[in-house]
Every structure is written in C-alpha cells, then in structure tokens.
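A.B. asks: Line order of the protein sequences matches chains A and B. Using the numbering used here, the letters of the first sequence map in sequence onto residues 1 to 496. Using the numbering used here, the letters of the second sequence map in sequence onto residues 1 to 231. I'd like to ask some things about the structure below.
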Amino acid sequence: MNVRSQVAMVFHLDKCIGCHTCSIACKNIWTDRKGAEYMWWNNVETKPGTGYPTAWEDQEKYNGGWEAQNGDLRLKSTSKTKTVFNIFHHPHVPTMDDYYEPWTYDYQHLFNAPEGADQPTARPLSMVTGELINIKAGPNWDDDLGGSPVYAENDPNLKGLDAAQREQLSAIERLVFFYFPRICNHCLNPACVASCPSGALYKRGEDGIVLLDQNRCRGWRSCVAACPYKKTFFNWFTGKSEKCILCFPRLETGQAPACFHSCVGRIRYLGVLLYDAERLERVAKLPLEELIEAQRSMILDPFDPEVIAAARANGIHDSVIASAQKSPVYKFVKVWKIALPPHIEFRTLPMLFYVPPMAPVMARKENGSVHNISEDLFHDIDDARVPMKFLANLFGGGHEGKVRYALRKQKAVRWYRRSLTVGDVDAETADRMLHEADCTREEAEAIYRLTSLCTFDERFVIPPMHREEAIEMMADPLEHKQNVGFGFLTGPRRGL
Amino acid sequence: MNEATHYLDQLLFVGLPYVAFFTFFLVTIQRYRSQKFTYSSLSSQFLENQQHFWGLVPFHYGILTVVGGHIVAFLIPRELLLWNSQPLRLYVLEVSALIFGLLSVVGLGAALVRRLTVSKVKRVTSTVDWILYVLLLLQLLSGVGVAMFHPWGSSWFAASATPYLWSLLKLNPETGYVSSMPSLVQWHIVNAYVLIGFFPFTRLVHILVAPNPYLWRRPQVVRWYRPPQGA
Ligand code: SF4
Chain A
1 MNVRSQVAMV
11 FHLDKCIGCH
21 TCSIACKNIW
31 TDRKGAEYMW
41 WNNVETKPGT
51 GYPTAWEDQE
61 KYNGGWEAQN
71 GDLRLKSTSK
81 TKTVFNIFHH
91 PHVPTMDDYY
101 EPWTYDYQHL
111 FNAPEGADQP
121 TARPLSMVTG
131 ELINIKAGPN
141 WDDDLGGSPV
151 YAENDPNLKG
161 LDAAQREQLS
171 AIERLVFFYF
181 PRICNHCLNP
191 ACVASCPSGA
201 LYKRGEDGIV
211 LLDQNRCRGW
221 RSCVAACPYK
231 KTFFNWFTGK
241 SEKCILCFPR
251 LETGQAPACF
261 HSCVGRIRYL
271 GVLLYDAERL
281 ERVAKLPLEE
291 LIEAQRSMIL
301 DPFDPEVIAA
311 ARANGIHDSV
321 IASAQKSPVY
331 KFVKVWKIAL
341 PPHIEFRTLP
351 MLFYVPPMAP
361 VMARKENGSV
371 HNISEDLFHD
381 IDDARVPMKF
391 LANLFGGGHE
401 GKVRYALRKQ
411 KAVRWYRRSL
421 TVGDVDAETA
431 DRMLHEADCT
441 REEAEAIYRL
451 TSLCTFDERF
461 VIPPMHREEA
471 IEMMADPLEH
481 KQNVGFGFLT
491 GPRRGL
Chain B
1 MNEATHYLDQ
11 LLFVGLPYVA
21 FFTFFLVTIQ
31 RYRSQKFTYS
41 SLSSQFLENQ
51 QHFWGLVPFH
61 YGILTVVGGH
71 IVAFLIPREL
81 LLWNSQPLRL
91 YVLEVSALIF
101 GLLSVVGLGA
111 ALVRRLTVSK
121 VKRVTSTVDW
131 ILYVLLLLQL
141 LSGVGVAMFH
151 PWGSSWFAAS
161 ATPYLWSLLK
171 LNPETGYVSS
181 MPSLVQWHIV
191 NAYVLIGFFP
201 FTRLVHILVA
211 PNPYLWRRPQ
221 VVRWYRPPQG
231 A
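Below, the structure written as structure tokens:
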C-alpha cells in the first residue's frame with residue numbers, strides 16, 4: 001500500500017442553477033490577462049449541448065485521454081516515438097476556432113462618433129488582432145439550450161440513444177436540460193502530465209493538485225491535445241500552456257478555491273481522499289465496466305488503522321488524516337456512492353465527482369391539457385426526463401447501473417424526508433424505499449443534511465497544506481535579504 | 001592579396017565567429033538562468049493549423065537534416081571523404097542534401113507567407129521574428145545556391161571548411177582555407193555567424209531545450225515539498 005492524499009471534489013448537479021458566478025470568479029482572478037482571454041478554467045455547460053470547446057467529449061475528433069489495448073495503457077494523442085516526429089506540428093491540437101475568438105467592443109466609438117442621423121454603436125473587436133470581427137460563436141452560445149439544433153442535438157453523449165429517448169429530451173413541451181460546471185479534475189492518472197515532452201506538468205505529492213511549471217513549459221502543446229476534458233489551455237500570447245491551479249494559494253491559506261467559495265447554488269464540496277497509488281496503473285487498465293468500482297476501491301478508509309499507519313509511514317500528517325476523516329467527498333463518493341466520475345472511459349481517473357441530477361416527471365401534456373401522471377411523488381427513475389442512457393454516457397462510462405443506484409438513493413432520501421416533514425408519504429413506504437435503495441434512515445439523514453443544510457465548513461474541509469515544510473522554507477532567509485521575495489518574479493511576456 | 005581584403009577576412013572569418021560564439025554561450029546561459037520563462041517554441045499552431053503543417057513540417061525536417069550533415073562533415077571529415085570516394089555514393093549524398101535544403105526553403109517560405117497573411121499569426125510576430133526570418137531565408141537560399149553552383153560540397157567542405165573550423169576551435173585561426181572560397185560560400189559562412197550570434201535573442205533557443213528526458217522518464221511526474229521517506 002502506497003498511501004497518498006488528494007484534494008478531491010464533488011459537484012452536486014441537482015443544485016446548480018447555471019448562474020456562471022463560479023466562472024466569473026475564476027476569470028477575474030486568474031485569466032483576465034492577455035493571451036488568456038479565451039480561457040475558462042471553470043466553465044458551466046448546458047447539457048445536452050456541445051460544451052466548450054465545441055464537442056470536447058468527442059475523442060474521435062480530439063483524441064484526448066488514454067486507451068487500454070492488449071493490457072497496455074497508452075495515450076491516444078501521442079507516444080514517445082510520436083513526440084519526436086510530431087513536435088513540429090502536433091496533429092491533434094485544437095485551434096482557437098474550436099473555442100472562440102475573444103472579443104471586446106469598440107466602446108470609444110460611442111463617445112467619439114461624429115454627429116449623425118443614427119445612434120452610434122459599439123462594434124465587436126477581436127482581442128487577438130484588434131480588428132473588427134463578426135462574432136459567430138462564444139463560450140456559452142448554447143446556454144439554456146440556445147441554438148439546440150446546432151448544439152444540443154450534436155451532444156456526443158447522445159450516442160446510443162434511440163429515437164424515443166432523444167424525443168424524451170427534446171420534445172418541446174418536455175424540454176429538459178441541466179447544468180454541467182467543469183474545472184480541471186486533478187486526475188490520478190493525468191493524461192496532460194504523461195504527455196508533456198518537457199516534464200513541465202506535475203502532480204503535487206502532498207495534495208495531488210496538477211500544476212504546470214511555467215518556467216519549464218516550452219509550448220509543445222501536447223497537454224492540450226492529451227487532456228480529454230480540454231482543461232489545459234494554450235496561452236497564445238506567452239506561448240505557454242496554462243491550467244486550473246485549484247486556487248492553491250487560497251487552499252494554502254485555508255480558503256476554498258474561488259469557484260467553490262463563490263458558488264451560489266452551494267453545489268461544491270471539497271475534501272481530502274486517501275488513496276492507494278500502488279494500484280493506479282492496474283486500475284487504469286481495467287475493462288470499462290469495472291472502472292468506476294475499481295477507482296472507488298483505490299480510495300482508502302481514513303478510519304482504518306492499517307491505512308492510518310501506512311499513511312503516516314508515507315509522511316502524511318496526522319492533521320491531513322484527520323481532515324480526510326471529515327471529508328465530505330469521501331462520504332459522497334465512497335460511503336454513499338452517489339457521486340460519480342465524469343467520463344471514466346477516458347481513464348484519467350478524475351478526482352472531481354458529480355452527483356447526477358434528478359429530473360422528475362410530475363405531469364404530462366396531452367391534448368392541450370396537463371395531467372398529473374401519478375398521485376404521489378416522483379415515481380420511476382427510468383421515467384425521468386433525462387434518459388438514463390444519457391446520464392450513463394456522462395457519468396457511468398456508458399453503463400447505467402451506478403447512475404441508477406445514485407439516483408434511486410437520492411429519490412429515497414426525498415421520500416423519506418417528505419414522510420417526516422410533509423407527511424404525504426407514510427413511514428412504511430419511505431422505509432421500504434430506503435431499503436430498496438440500499439440506504440438507512442441515518443444515512444438518509446446524513447445525505448439530507450450535507451445536501452441541503454450544509455455550512456461552509458461542512459462543504460469545504462480544507463486540509464492544512466503544511467507549506468512550512470516546503471523546500472523553499474529551507475532556503476536561507478539571509479540569502480534573500482533585501483530581495484523582493486522568491487518564486488516567480490517576472491511578468492509573463494512573449495519571448496525575450 | 002591586398003591589405004584591405006586581408007583585414008576584412010580577419011574581421012569576418014576570425015573576429016566575427018569568436019564574437020558570435022561568445023555571445024551565443026554567454027547570452028543563452030544567462031538567459032536560461034535568469035529568464036527561464038522566455039524559453040519557449042512560441043508556437044502559433046493554436047491560432048492557425050493548416051498552413052502551419054505545410055510550413056513547419058518541411059522546414060524542420062529539411063533544416064535538421066542539413067544541419068546534421070554539416071555537423072557530420074565537421075566531426076568525421078575523413079570518413080565522409082572515404083564515403084564520397086565512390087562517385088555513386090557522392091551523387092546520392094549531394095542529391096539528398098539538395099532535396100532537404102530545398103525542403104527547408106519551401107517550408108520557410110510557406111511559414112513566412114503564413115506569417116504575412118494570417119492576421120492572428122501576424123499579430124504574434126515580433127520584430128525579432130521578422131529579422132530572424134530574413135536571416136534564415138538568406139542562410140537557406142545561399143546554402144541551396146552553394147549546393148547548386150559549387151557542387152560536391154560534401155567533399156570540399158570536409159577538405160577545407162572543416163580544417164578552418166577546427167583551426168578556430170583550436171584558437172589558431174587559419175583563414176587561408178576560406179579566403180579563397182567563392183563569394184557565395186563566404187556569404188553563407190558569414191551569415192551563419194550572424195545567425196549564431198543572434199540566436200540567443202530569438203525563439204531559436206527552443207532547440208536547446210528540445211525534450212529529450214521525455215523519452216526515458218516515467219509517464220507520471222510527482223513533485224514533493226521534500227522527497228517522501230516511503231516512496
Ligand atoms: S456558481 Fe454554482 S450554481 Fe452557479 S453555475 Fe457555478 S456551480 Fe452552478
């Protein structure tokens with residue numbers, strides 16, 4: 001057993017209201033810079049939809065992630081030999097057109113326009129060339145199903161859905177969508193790290209945050225092609241790649257990352273997981289249907305004395321172990337099993353998990369009038385508006401079992417709470433449903449509390465990062481006397 | 001030989017190379033130490049993908065082969081002359097050198113056209129880049145010119161340029177080898193020195209950080225505050 005600690009995350013999709021506050025918080029802090037205007041380290045997509053960059057989930061187009069072949073795990077986009085030959089022109093790098101060309105408006109014209117018969121307008125200007133541009137698409141062009149025929153209907157997750165299921169999603173009276181906020185998953189088996197010719201990308205040993213060393217990046221762009229979630233970005237101005245840093249400077253001072261902190265729907269949870277790094281390679285190669293379970297099995301029980309001993313032996317602080325014991329992520333993922341990894345088939349073993357959304361059907365429109373379809377609450381999970389198959393493509397690696405389990409449990413919790421507060425469900429039914437959903441009253445209560453009543457400190461259990469142990473603390477302070485500090489001190493620019 | 005040419009030769013074939021190499025080493029090392037961030041290929045593939053392929057791929061394959069050829073001739077001249085002692089082998093070498101030379105010219109031309117016509121790419125092209133393009137173009141064109149008008153370069157390079165370069169390296173410069181060379185060849189040599197001196201100020205430094213450790217490192221990279229005791 002090789003125990004490591006990882007700061008992991010859960011996004012509860014049932015709570016996301018699609019307000020984009022998270023994206024704006026992130027943009028204002030990190031990517032409001034030249035060359036980074038088009039980057040959204042945090043973005044919120046409408047599902048069904050093609051997302052950002054367009055159709056990122058379609059790996060036939062982008063060749064991101066890993067594939068397991070004859071007991072071997074290899075990157076789809078590159079290999080050691082291919083790197084030598086493709087270094088001059090990477091065949092799988094997306095271009096700015098796959099994202100969008102960032103723009104601003106010619107606001108000055110509103111003030112400076114000569115007097116005329118018409119109101120002056122502020123025309124869009126490209127933030128790359130400064131020239132006037134004709135905007136054709138933006139990062140959230142398909143928000144709330146805008147332009148469905150172009151976007152929603154081309155969602156890669158619709159693969160394998162039959163006509164009736166597609167109909168279920170898009171018939172106008174039953175139109176359904178949900179939000180899918182995305183940041184870097186800080187994966188256990190990151191494709192970006194493995195692909196970098198310069199070794200600039202790395203996983204921090206103590207917390208598993210995946211970072212990109214700006215001083216070591218040479219702009220070979222391999223990571224952009226390799227990340228199946230398209231969460232490494234190429235800065236067109238500095239000629240370096242960049243990615244979400246999970247606000248590590250905030251985490252190190254005990255604050256939640258900006259997107260977590262600002263989340264209006266309070267959908268975000270953060271906490272430590274202890275995992276067994278020894279099993280990593282074997283797990284990443286397993287057949288698709290075993291992946292979710294196997295990834296879960298890598299996550300270790302922070303209360304198990306053996307695990308604790310092994311963690312200590314690996315230099316993991318007692319304070320971090322204690323933090324892991326309080327981790328909301330551990331509960332959602334491992335104990336309750338209602339949070340699932342996105343697109344496990346990419347085999348990067350993401351450390352951001354999603355609680356799949358419920359979309360109950362309460363009524364149906366027939367012959368121009370609306371009928372309740374059942375007397376009681378949300379009946380059948382498989383009858384929900386979002387087809388199970390669609391959710392399974394997103395969160396189950398194409399297999400419905402784990403998704404159905406998560407949804408049934410959530411449903412049972414609602415019935416149970418209903419029986420307590422509203423009383424239109426009798427206790428017996430509630431108990432039966434809990435039982436069928438593999439849940440107890442205590443567990444249901446705990447899920448309810450952490451979902452609905454959770455405080456800031458319950459959502460974000462931030463481990464002490466122990467920066468005092470970092471190598472720079474070993475540096476002689478006198479050596480830096482009268483300096484402006486140490487670390488990255490020059491501003492980013494292009495070339496010398 | 002009159003006095004003026006003598007001094008000019010001293011300047012171009014002795015003074016210039018020493019200045020160029022001195023600048024090269026001094027600035028690349030100092031830049032790497034204090035401005036590591038600026039070491040990048042500054043790729044613009046993200047802004048334009050198709051023309052990029054037709055420019056950059058032929059250019060790189062062409063130039064790497066040709067430069068490789070120069071290095072071989074510099075390091076193992078005797079073996080090269082031996083190889084060339086059979087006419088057929090000489091022809092093969094000369095023709096392939098010319099082909100790769102032409103490939104690099106075509107590639108550089110395509111890349112230049114791309115820089116000039118794609119507005120996004122033009123935007124990220126600095127003055128230094130433009131100067132570099134001119135120098136590279138002159139270098140490649142003069143090189144191809146030499147290959148066409150002064151053939152059998154693979155032999156005479158080994159016989160005259162190599163000893164001249166070694167004499168520079170041994171700090172005992174002998175300009176006799178180069179002063180009698182055709183002016184196109186001289187021009188090629190002088191431009192090469194200018195390029196070498198200019199090199200550390202340009203994006204060319206990316207050659208020095210070409211990613212070799214990748215070929216033998218493990219796929220995942222982990223950095224610790226301090227190396228852990230257990231792992
Ligand atoms: S801030 Fe929270 S609720 Fe709003 S879009 Fe982002 S994740 Fe969803």
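Glycine residues also receive a C-beta, built at the ideal position from the N, C-alpha and C atoms.
#1: Please list, in chain order, the chain C residues whose beta carbon lies closer than 8 angstroms to that of Arg123/B.
#2: Determine the chain B residues that contact Pro139/A at a beta-carbon separation under 7 angstroms, and present them in chain order.
#3: Does the beta-carbon of Pro287/A have 16 or more other beta-carbons within 10 angstroms, so that it is buried, or is it exposed?
#4: Just to confirm, are Glu206/A and Arg467/A a CB contact at a threshold of 7 angstroms?
#5: Using the beta carbon as the reference atom, which residues fall closer than 7 angstroms to any heavy atom of the ligand SF4, ordered along the chain?
#6: Please classify Glu345/A: is it buried, with 16 or more other beta-carbons within 10 angstroms of its beta-carbon, or exposed?
#7: For chain B, is any of its Cβ atoms less than 7 angstroms away from the one on Val193/A?
#8: So, does the CB of Pro58/B fall closer than 7 angstroms to a CB anywhere in chain A?
#9: Applying the criterion that 16 or more other CB atoms from any shown protein chain within 10 Å of the CB defines a buried residue, is Tyr18/B buried or exposed?
#10: For Gly160/A, name the three-state secondary structure that DSSP assigns.
#11: Listed from N- to C-terminal order along the chain, which residues in the stretch 37 to 50 of chain B have their beta-carbon within a distance smaller than 8 angstroms of any beta-carbon of chain A?
#12: Give the DSSP-derived three-state secondary structure of Asn2/A in the structure shown.
#13: Pick helix, strand or coil for Asn43/A, following the three-state DSSP scheme.
#14: By Cβ distance, which residues of its chain are closer than 6 angstroms to Pro492/A, with the 5 residues on each side in sequence left out?
#15: Please work out which residues of its chain come closer than 6 angstroms, Cβ to Cβ, to Ala294/A, disregarding the five sequence neighbours upstream and downstream, and give them in chain order.
#16: Jot down the residue ranges of each uninterrupted alpha helix (DSSP H) in the stretch 124 to 171 of chain B, minimum 4 residues, whole runs only, in chain order.
#17: When the Cβ atoms of the stretch 3 to 12 of chain A are set against those of the stretch 349 to 359 of chain A, are three or more pairs found closer than 8 angstroms?
#18: What number of angstroms, rounded off, separates the C-alpha of Lys136/A from the C-alpha of Met39/A?
#19: Measure the C-alpha to C-alpha separation of Gln86/B and Val14/B and round it to an integer number of angstroms.
#20: How far does the alpha helix (DSSP H) with Gln30/B in it reach, from first residue to last?
#21: What residues from chain B crowd round Gln214/A, counting only those whose CB sits closer than 7 angstroms?
#22: Applying the 10 Å Cβ sphere with the 16-neighbour rule, what's the burial state of Gly368/A?
#23: Looking at the structure shown, is Tyr354/A part of a helix, part of a strand, or coil, going by DSSP?
#24: Taking C-beta to C-beta, are Gly219/A and Ser41/B nearer than 7 angstroms?
#25: Just mark Met242/B as buried or exposed, buried being the case when its beta carbon has 16 or more other beta carbons within 10 Å.
#26: Can you give me, in chain order, the residues of the stretch 20 to 32 of chain B that have a beta carbon less than 8 angstroms from any beta carbon in chain A?
#27: Output needed for Ser195/A: all residues of its chain with C-beta closer than 6 angstroms, excluding positions within five of it in sequence on either side, in chain order.
#28: First and last residue of the alpha helix (DSSP H) that includes Arg404/A?
#29: Looking at the C-beta of Trp40/A, does it have a partner C-beta in chain B at a distance below 7 angstroms?
#30: Name, please, each residue of chain A whose Cβ falls closer than 7 angstroms to the Cβ of Arg203/B.
#31: List the DSSP bridge partners of Gln482/A.
#32: Are the stretch 111 to 121 of chain B and the stretch 50 to 68 of chain B touching, with three or more C-beta to C-beta distances below 8 angstroms?
#33: So, does the CB of Phe53/B fall closer than 7 angstroms to a CB anywhere in chain A?
#34: Kindly list the residues whose CB is nearer than 6 angstroms to the CB of Asn393/A, restricted to its own chain and excluding five residues on each side of it in sequence; keep chain order.
#35: Since Pro124/A is in the beta strand (DSSP E), which residue starts that stretch and which ends it?
C.D. replies: Per the coordinate set shown:
#1: Absence of chain C from the displayed structure is noted, the protein chains being A and B.
#2: Result: empty, since nearest Cβ-Cβ is about 16 angstroms, beyond 7 angstroms.
#3: exposed
#4: no
#5: Phe11/A, Lys15/A, Cys16/A, Ile17/A, Gly18/A, Cys19/A, His20/A, Thr21/A, Cys22/A, Ser23/A, Val44/A, Tyr179/A, Pro181/A, Cys259/A, Ser262/A, Cys263/A, Val264/A, Gly265/A, Ile267/A and Arg268/A
#6: buried
#7: yes
#8: Nearest CB-CB separation between Pro58/B and chain A: not below the 7 angstroms threshold.
#9: exposed
#10: The answer is coil: DSSP assigns Gly160/A none of H, G, I, E or B.
#11: Phe37, Thr38, Tyr39, Ser40, Ser41, Leu42, Ser43, Ser44, Gln45, Phe46, Leu47, Glu48 and Asn49
#12: Three-state result, Asn2/A: coil.
#13: strand
#14: A distance below 6 angstroms between beta-carbons, with the five flanking residues on each side excluded, links Pro492/A to the following residues of its chain, in chain order: Thr238.
#15: Val283 and Leu286
#16: Taking only runs of at least 4 residues, the alpha helix (DSSP H) segments lying wholly in the stretch 124 to 171 of chain B are 127 to 149, 153 to 156 and 162 to 169.
#17: yes
#18: 17 angstroms
#19: One C-alpha to the other measures close to 34 angstroms.
#20: In this chain, the alpha helix (DSSP H) harbouring Gln30/B covers Leu16 to Ser34.
#21: Phe37
#22: So Gly368/A counts as exposed.
#23: strand
#24: Against a cut-off of 7 angstroms, the Cβ pair of Ser41/B and Gly219/A comes out as a contact.
#25: Any property of residue 242/B remains undetermined from this structure, which presents chain B solely from 1 to 231.
#26: Close to chain A, meaning a Cβ-Cβ distance shorter than 8 angstroms, are the following residues of the stretch 20 to 32 of chain B: Arg31.
#27: Leu75, Thr78, Ser222, Cys223 and Ala226
#28: Gly401 to Thr421
#29: no
#30: Gly495
#31: According to DSSP, which records beta bridges pairwise, Gln482/A is partnered with nothing at all.
#32: yes
#33: yes
#34: Asn157
#35: Pro124 to Ser126
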